Amino acid sequence: MRHLAIIALAAAIVGLLACSGEPEATTETTNNKPVPEGMEPPKKADQTEESDYEAKKDAEKAETKEEGKTVKTSSGLEYEDLKVGTGAEAAKGQVAQVHYKGTLTNGQQFDSSWDRGQAFSFTIGAGEVIKGWDEGVAGMKVGGKRKLIVPPELGYGSRDMGAIPPNSVLIFEVDLLALR
């Protein structure tokens, strides 16, 4: 009889331990079946840092398609499409032909291709112009006019450029005439 009581007690202890133990950590999935912790499906690609950065850049580009809306990029460049073109979209590596006027924040003009009567051409993204132009002209469409507000770090920085004092914010009106 004593053996039977010990066996019953042991069975009761095992039963209690099985019922009162810590539950295995699980994560619910969309089909409501538990998934052991650490076995969750990998994050979707749109949740990665790189994808977040690309999504932000795409959103900035999408905003440029609205006339009259000023957009500030992550680099500090501000621009406003005064007129959205209907032609091809400018991209890195293309040669852009533009007319432009450059002024300081006080309204003083320091350069103008219109005044010279000759358009200006440069390769987008090749470092032939200030960084604010490489970034600001990319995404424009042929026939468009864009206002660029270029902070010093995307312009001439602390350099004295004669008519352009050191650390100047530059304002340009740029017409994109053609791409090749």
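What the sequence shown shows, in the numbering used here, is residues 2 to 181, in sequence order. Just so you know, even glycine gets a beta-carbon here, dropped at the ideal spot from N, CA and C. Please read all numbers here as calculations on a predicted model, not as lab measurements.
Return the CA-CA distance between LEU177 and VAL143, expressed in angstroms with no decimal places. The residue you call residue 177 lines up with position 176 of the sequence shown. The residue you call residue 143 lines up with position 142 of the sequence shown. Their backbone Cα atoms lie some 5 Å apart in a straight line.
Identify every run of the beta strand (DSSP E) within the segment 61-106, keeping only runs that are complete inside it and at least 3 residues long; order them along the chain. 71-73, 79-84 and 96-105
Can you have a look at LYS146 and say buried or exposed, based on whether 16 or more other CB atoms are within 10 angstroms of its CB? Within the sequence shown, residue 146 is the residue found at index 145, counting from 1. Answer is buried; the Cβ neighbour count reaches 16.
Would you call the segment 85-94 and the segment 115-129 touching, i.e. three or more CB-CB distances under 8 Å? yes
Limits of the unbroken alpha helix (DSSP H) element including GLU136: Looking up residue 136 in the sequence shown gives position 135. Residues 132-138.
Within the segment 138-163, note down every full beta strand (DSSP E) run reaching 3 residues or more, in order along the chain. 146-151
Start and end residues, beta strand (DSSP E) containing SER113: Indexing the sequence shown from 1 puts residue 113 at position 112. Run containing SER113: 110-113, per the beta strand (DSSP E) assignment.
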